[in-house]
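Protein chains in written order, with this note's numbering: chain A, 1 to 461; chain B, 1001 to 1806; chain C, 2001 to 2228; chain D, 3001 to 3172.
Virtual Cβ for every residue (Gly too), placed ideally from N, Cα, C.
Just below is one structure, and these are the notes that go with it.
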Amino acid sequence: MSVATKKPSPPPLTEDAILLEPILHTGPKFYITVAVLLSVIGLGVYAYTVQYREGLGVTGLGRPVYWGFYITNFVFFIGISHAGTLISAILRIVGAEWRRTITRSAEVITVMVILFGVGNILVDLGRPDRMLNVIKHAKFGSPLLWDVCSITVYLTMSTTYLYLPLIPDIAILRDHTNKRRWFYRLLALGWTGTPRQHRILDILISVMAIIVIPVAVSVHTVVSFVFAMTIQPMWHSAIFGPYFVVGAIFSGIAALICAMALIRWVYGLGEYLKDIHFNNLGLLLLVMCFAWFYFTASEFLTTFYGSEPTHMTIFWLKFTGPFAPHFWTMVVTCFFIPVTILAFKRTRTILGTVIASLSITVGMYLERFIIVVPSLSQPRLPHAEDIVYTPTWVEWSILAACFAAFTLLYVLFTKLFPIVSIWEVQEGREKSVAEVTERLKSYLPKSQPAPARPEPVGASK
Amino acid sequence: MKEWVNLNRRDFLAAFGATYGVTACSWAAPRSWFLEYAGTEDGPPREQHINTLCSMCPGGCGLRVRLVHGCAVGVRGNKDHPINRGGLCSRASAVLQDVYNPDRLRQPLRCVGSRGSGQWEEIEWDAAIAMVADKLALLRGNGNPEGLSVVLGRGRGLSRTAWRRFARAYGTPNIIDAHPDDNLGVQPAVLATQGVAQRIGYDVAKAGYVLSFSSGWLDAHWSTEQSARVFADFRRGRPGFRPRWVHIEPRHSVTATKADEWIPIRPGTEGTLALGIAHVMIREGLYDRDFVGRHGFGFEDWTDRNGVSHLGFRRMVLQDYAPRKVEAGTGVVEGTIFRLAREFSSNGPAIAVGYDGGGCGAQATYHRMAIHCLNALAGSIDVPGGITVFQELTLLDGEFDIDDVATRGLANEPLDGPAADRRLGGSAIDLLTRAIKDRRPYSTEALILAEADPVFSLAEGAAFGAALSAVPFVAAISGYHHDSNRHADLILPALHGLHRWDFDVAHTLKGHPVVTVSQPVMDPPKRGRDAYSVVRALANRLGGKVGGALPWADAESAVEAVLRELFDRGEGATFGPANEESWAQLLETRGWRAPFSSDFAEFKRDVIAGGGWTDPIYFHGKWDRVLQRPLRRFAFSSAYLASSFEAIPAAGDPDEVSARLLPQCRAEPRTSDETYPLELYVYELPNLVGCSSPNLPWLNDIAGAYMFEKWRTWVEIHPETAERFGVTAHDHVEVRTPRGRLTLPVRLYTGVMHDVVAIPFGFGRKSGGRWCRGIGENPADLVDARTDPLTGTALWTSTRATLRKM
Amino acid sequence: MAKWGMTIDLDRCTACQACVTACQAENNLPPTGADDARRGRNYTWMEMIPFEGEGERPKAIERLLPRPCLHCDHPPCVKVCPVGATFRNEDGIVGQIFSRCIGCRYCTTACPYTARYFNWTTPSWPEPMGKHLNPDVSVRPKGVVEKCTLCHHRLQNARDHARAEERAMRPGEYSPACVESCPTGAMVFGDLSNPESEVSKLAHSRRAYKLLEDLGTEPKVIYLREGD
Amino acid sequence: MRFILVFVVGVGVVVGGVAIVYAIAGRGEAADQPIAFNHAVHLDSAGLKCNTCHTEAATQTYAGIPGKELCLDCHDVDEESDDAGPQKEKLFAFVDADGDIPWQRVALTKPDVYFSHRRHVTGGNLDCETCHPAQATLTAPPPRTQLVMTMDDCIACHEREGASVDCLACHR
């Protein structure tokens, strides 16, 4: 770093300097947070080493509940990952101007959280040492392999999609800060902000935004196929694809709101992440809330009305049986609490949306859980009733570590890159006001001078 | 990479004679992952198959053990063995877990510290035998050989013979069977009615109708393998004919599931129902008049030598067992009784099976007699598809000289009751408990538990344990630690059946005797000694005429002596494929004998290689053999009991006196007992019944599979009864009886009668190997046992109980 | 190619569970204890399943059903395996290659018969119990799925014998351990593709039915119901 | 440019690392034979056949590793001890000592593979050279254990010969 000091100090960024604050200055709070997160991660790593050594016997799994927390985590995290790319891409495509300050934080969630989705699958494997068999001996008939493909594509695309809009900001960091210049120089890819570069970037971002949407939809559809393609009761359902996608977007938005609120609070970005953002996302959440409820209701109603015995066994497990607490908590936290809060403008405040989002996050985790576990716990052939899946400390630790690691990566990201897109904000200020005015005008009927009133012909007559 | 290497795995592989080196592998995997496979250095090596005896239960099946590199690695059934014909039961397959059991005792153990403390010290065999011998010599020296008691358990053939001969030479009458019901079953009733001391078989395969009274035919038969096979033959052996099986039991057991009909009945009232059925048969004239007339005794009123007239079976049944009365006592509705009687008498050959199951079914002998009388009424005694009487075969029973001490000792009456009086044969270990405790008629100075665990298996096991602690010297021969040998001073490890020479006499259900030879298929463990050598070493140390009791140098020579006796009979044959039925009949009518070896060496070789010897011919209609003392008739009114009661007192109401000779099964109507409103029904778990080892994980794992239960003892309650007590599924309840209390998990089960709580017997050992110690509870702790006056054995089905939700 | 299958006659079967332990002994299934069993970690490739009958006892018909892997002709487990570790071989046997399995347990969840087992830990045999292991069959390591192979090693041995004697395999020469040990002859094993074989006659008898037939898995283990 | 350079170097390091790990893990275990047995001499000069010493190949799943008695069938301690080379001296030392010669097995299949010599030699009529092509020319034992065949080799031959390619045939 001594070399860097010799260099001429770069010109400080005048406007939006607060966005660079987290990168330039690091306080003790940061280290405390990191330490706490690291210790949680450490616990998770230890838990995994135990599992690796002893086998999956250290979990609460057994026959017939072969899948538990890890698969729940996988579905949950992949769901959360829809926060970013999908929402940001949609907002970009429809040209929602309020997106400018929130897309970055959303996209980061996607990339970070996919890692944990995939990671949980690996944790779940009995033989992680043989995981490459999935490539070496790939059998494309298996929905799991569809997952492998779509998630790989999704991860690549979302990473690119995160990276592209980051380039101008990296260039700003390179030009305006002293820290890690080599790093930023490398990543900035020689961005100088010429009009040509801007044009190329705009095209790339637009293309990516369009491509990433079907990929994102496919990912969660395929995740649902893992369950829906089997003939197990209450898994074998045609609406599982859209149901999972809706649930994914639902939980994704909720996660995004939580993340935004956290950033806003920690880095004092009240000016950038305003009430209006939370309000708009809150409305979106409200819509998804109903969509989710619609799917849930149709799923359960179809099952109930059909009353096939094997399906009904699982149905009652969820409604009144051992999974009833999970189920009803889910209904309350995923529907009643958020709807009550979000339906009214008065409660759709930042605090309100955050509470709703936290409730949804919990609820959606439970939703994933009661999709995975009950269907397994009462297989078609009679089975001992008293084998109940109870996660062990290993599974809890790994779950906690996943959340902690996600948070840590998120925090580290904010320490390396601006979490609010600086150039897009600037661009918004410089160009968009005019553009939006123009665009708005294009929607509306042209305001013309009132045509001269025709002479009332008949009047003269 | 050290930490990846699993040391246990390595040890195991070394033991298996195996080390696969690490191979060049396409994945960069630690080598231990590959070492997890049970490959051997040389691949699967040469293998042998040896026929021997299955020692897992008293069934007497033939095993074909597969040996690879001298290690038993698999068992199949001996296809030529008349008892199992190639089939195996679950216990037989688990024999490998028994022979290689990690908790098996391998060295004599001496108790250090106070007895019962469970602290043991390994000692050498010679020292151990010296310890026992010195103790016994002292006892004998004092002229009290009757102070020794030997309790026989699961040991068969040779060890049983050795102990019997030893006890006789030593001079003690106290050689007592710990599991009388395993081997007697319905026998006391047969003795009382037919006068036969042999066991009987049920030719179920050819029967047309079977009424089984809590018999556990498929749950707890003395030979699971045979009972299953004849059941299958009964069911599907005759195309186009579907016979009927009706099962009567308080609980819906496996037999009930497989039967055509299940009729729940109050525990302990089966004989009442049988007499109810007899009532209908007699009243409607549905019984076999021919058989009753020609071979029956005491059916009608009869007059004894003194001219006193006695109550007959017919009058008693017609008086006291009207179906309406029976309904009140048994809970079986009147209409059903009529129907059963008509079905039973019109679908011959019909069999009434009673109590040929395991210990927990043990019932009053009068009830057994009542049930057996149904067979006589149906004319099913000694006919194809009816009752067979096992052909007697005694081996190594030759006389030998005993000295004066022994003669004097043997003159004492045995501790389990005077032999001549009130017992219908066998021994009554339940009576031993009190005799030891009261030191009456004389005190017990030494006790040997020969592969027996009465503390666990007796209804009053705890009391027996207490009595044991009062005996000055207790030695146990046992394969494992168990509840009884905790009270011992010395434990001598028993050698597993696959390691020793032995023989066993069993019978097919058609009555053919089968002698199976057991041979050591593997080299016995270095310090192992078989029971025969142990007893012989003891006898030799005591010297004199005691030493002459066991003239054969070792177990192998004793088995050779057995074969010599068989050879000298000049009958029977080595095992061969099953005969065609018609061929066998031809042999029976023509009196032809199966091919027989010309010289003993050849005979011996064939028998050992083939697995054993059998006499495949059974002659029906030999009434001299089937109906014996004292009248050579089927005694509805037991003349045998009359002689056993010595003299019927002349005074008193002659009917009341003679009623004691008739099966009395008057069931009191269900009373409302405030304190104990329920009845306890203890049943045996299939797969654990009669098993010689409790420490087999495979068996313990499947024992409760019929109820989706695993590794515990539960209590079955009818949902409506449970509701009355406010008990729901997944609760735990305290079951309380006058004798004790146990806290058990509840299983709501519609397959158990109202107002009955059913508890399985099989788990609940307080000491033993890792797979049985502390697993579940022992319902014997609850049983408030009455004693059967005719046999002296304890009855399990007389206990009242109550519940409390925990 | 032969199509191996078996019929299980529930009228003959007495639910004695001899097949269960015979299978365990033949296929090196590890001993498990009370804790394992309560967590669903015991290994019984052949399992006896009680079906509660409909209606009230004593009228209710109850079934005690021995259930091996049914070796479906359309096995749901094979479809979902991402690495081809489980497959239906040319003889119709649904096999499992332990050395390829990644332990994702997708097949275990897809199997409607819950006939697949997972090695939660390294199987262990306390000394000297490991001596009884059958050298023809591997011991599965931890982390892989295992299942009934219809005692495929016995098929191979039978084939070797036949080839050595230059003849075709005889009926009955190959039968799995469960079938061989069955005391009642309730299980009949053989070639379903040969219309003359006993098993295929039984499989087409009036009493024959398939477990969860409506799922279309076409199991090759066929039950014969009680009664005429 | 620098980015590309860094990228290339990074990928190189990862690939190289994996390759090294594979190489180390796959090279087999050191096999220090008690006697440096010379296959070539025994087969060529002495005119022995494989099954002279590996007696069980035709009848058992394993080929068999000879015990010292088999060596003594040809070698005579008394006659040869005068001009014995160092290897022969080792042999004679073993002859005098208790126990057998601790030969180490070097030709391996993967442990999850069930391979039967009998099935291939007797049933399949294969020569030893088919699977052990270089064995006869070895003048000294290989220093490390070797994987004789990969699955591709097995499958190729099985397909060529029309033998079963059912996975269960070899894996169990």
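Closest by C-alpha distance to R1154/B, when choosing among D1177/B, R1164/B, K1135/B, R1140/B: For R1154/B, the closest alpha carbon among the candidates D1177/B, R1164/B, K1135/B, R1140/B is that of D1177/B.
message: Do I231/A and P2284/C have their beta-carbon atoms positioned less than 7 Å apart in this structure?
response: The shown model of chain C, from 2001 to 2228, leaves out residue 2284/C, and the question about it has no answer.
- prompt: Along the chain, where does the alpha helix (DSSP H) that runs through G1610/B open and close?
  reply: Looking at the DSSP string, the run of the alpha helix (DSSP H) that includes G1610/B is 1600-1610.
task: Closer than 8 Å, Cβ to Cβ, to anything on chain B: give me those residues from the stretch 261-272 of chain A, in chain order.
output: none
message: Let's see if you can read the secondary structure: which residues bound the beta strand (DSSP E) around V1151/B?
response: 1148-1152
field: Cβ neighbours of S251/A in the same chain (closer than 6 Å, five flanking residues each side left out)
entry: G79, I80, M364
message: By the 7 Å beta-carbon criterion, what residues does the stretch 2123-2144 of chain C contribute toward chain D?
response: V2137, S2138
- prompt: What alpha helix (DSSP H) runs, 4 residues minimum, are completely inside the stretch 12-73 of chain A?
  reply: 17-24, 28-54
field: Meets three-Cβ-pair contact criterion under 8 Å: the stretch 271-282 of chain A and the stretch 343-355 of chain A
entry: A contact exists between the stretch 271-282 of chain A and the stretch 343-355 of chain A.
query: C2013/C versus chain A: which residues are under 7 Å apart at the beta carbon?
result: In chain order: nothing, as chain A lies at least about 16 Å away.
- prompt: Is the CB-CB distance between T1193/B and A1659/B below 7 Å?
  reply: no
- prompt: R1747/B and W1714/B: beta carbons closer than 7 Å?
  reply: yes
message: Residues of the stretch 384-400 of chain A in Cβ contact with chain B at a cutoff of 8 Å, in chain order, please.
response: Of all residues in the stretch 384-400 of chain A, A384, E385, D386 have a Cβ within less than 8 Å of some Cβ in chain B.
- request: Give the range of the beta strand (DSSP E) segment to which R2063/C is assigned.
  value: From DSSP, the beta strand (DSSP E) with R2063/C extends over 2063-2067.
query: With C-beta atoms as the reference, is N3038/D less than 7 Å away from T3139/D?
result: yes
field: Delimiting residues of the beta strand (DSSP E) encompassing F2051/C
entry: Annotation for F2051/C: the continuous beta strand (DSSP E) segment containing it runs 2047-2051.
Residues near M1806/B by beta carbon distance below 8 Å, same chain, minus five either side: D1731, H1732, V1733, E1734, T1743
task: Assign M2046/C to buried or exposed, taking buried as 16 or more other Cβ atoms, counted over all protein chains shown, within 10 Å of its Cβ.
output: Buried, since its Cβ has 16 or more Cβ neighbours within 10 Å.
query: Does the beta-carbon of M157/A have 16 or more other beta-carbons within 10 angstroms, so that it is buried, or is it exposed?
result: Buried, because 16 or more other Cβ atoms sit within 10 Å of the Cβ of M157/A.
task: Check the DSSP bridge columns for P1745/B and list the partner residues they point to.
output: According to DSSP, which records beta bridges pairwise, P1745/B is partnered with H1732/B.
- request: Pull up the distance between the alpha-carbon of I1129/B and that of P2183/C, whole angstroms please.
  value: Their Cα atoms are separated by approximately 42 Å.
task: Please work out which residues of its chain come closer than 7 Å, Cβ to Cβ, to H326/A, disregarding the five sequence neighbours upstream and downstream, and give them in chain order.
output: L366, F369, I370
query: Under three-state DSSP, which class holds E136/A?
result: The amino acid at residue 136/A is misidentified as Glu; the sequence shows Lys. K136/A: helix per DSSP, three-state reduction.
- prompt: Of all Cβ atoms in chain A, is any one closer than 7 Å to the Cβ of F1464/B?
  reply: no
message: Can you list, in chain order, the residues of its chain with a C-beta nearer than 7 Å to that of D1382/B? Leave out the 5 residues immediately preceding and following it.
response: These residues qualify, in order along the chain: T1388, V1389, H1620, G1621, V1626.
- prompt: When DSSP builds the beta bridges, which residues end up paired with E1121/B?
  reply: R1110/B
message: From the DSSP secondary-structure annotation, give me the bridge partner or partners of C1071/B.
response: Looking at the DSSP output, C1071/B shares a beta bridge with V1068/B.
task: Count the other C-beta atoms from every protein chain shown that fall within 10 angstroms of the C-beta of S1798/B, then say buried if there are 16 or more, exposed otherwise.
output: Buried, because 16 or more other Cβ atoms sit within 10 Å of the Cβ of S1798/B.
DSSP three-state assignment for R1031/B, whether helix, strand or coil: Residue placement at R1031/B is poorly supported in this model, since its pLDDT is 29, which falls under 50; the coordinates are not used for a value here.
- prompt: Apart from the five residues just before and just after P1513/B, which ones in its own chain have a Cβ nearer than 6 Å to its Cβ?
  reply: Excluding its 5 nearest sequence neighbours in each direction, P1513/B has C-beta neighbours in its own chain below 6 Å: Q1391, L1393, H1507, D1615, listed in chain order.
query: If we cut at 7 Å on Cβ distances, does H2071/C have a partner in chain F?
result: Annotation note: the requested chain F is absent from the structure, which comprises protein chains A, B, C and D.
query: What does a CB cutoff of less than 6 Å around V388/A pick up in its chain, not counting 5 residues either side in sequence?
result: none
- prompt: A2034/C CB to nearest chain A CB: under 7 Å?
  reply: no
Top-ranked residue by Cα proximity to V362/A, from V332/A, A343/A, I276/A, P379/A: V332/A
field: Beta-carbon proximity of T2217/C to S1090/B, cut-off 7 Å
entry: no
Separation of C1071/B from G1576/B, as counted between CA atoms: Rounded to whole angstroms, the separation of the alpha carbons of C1071/B and G1576/B is 27 Å.
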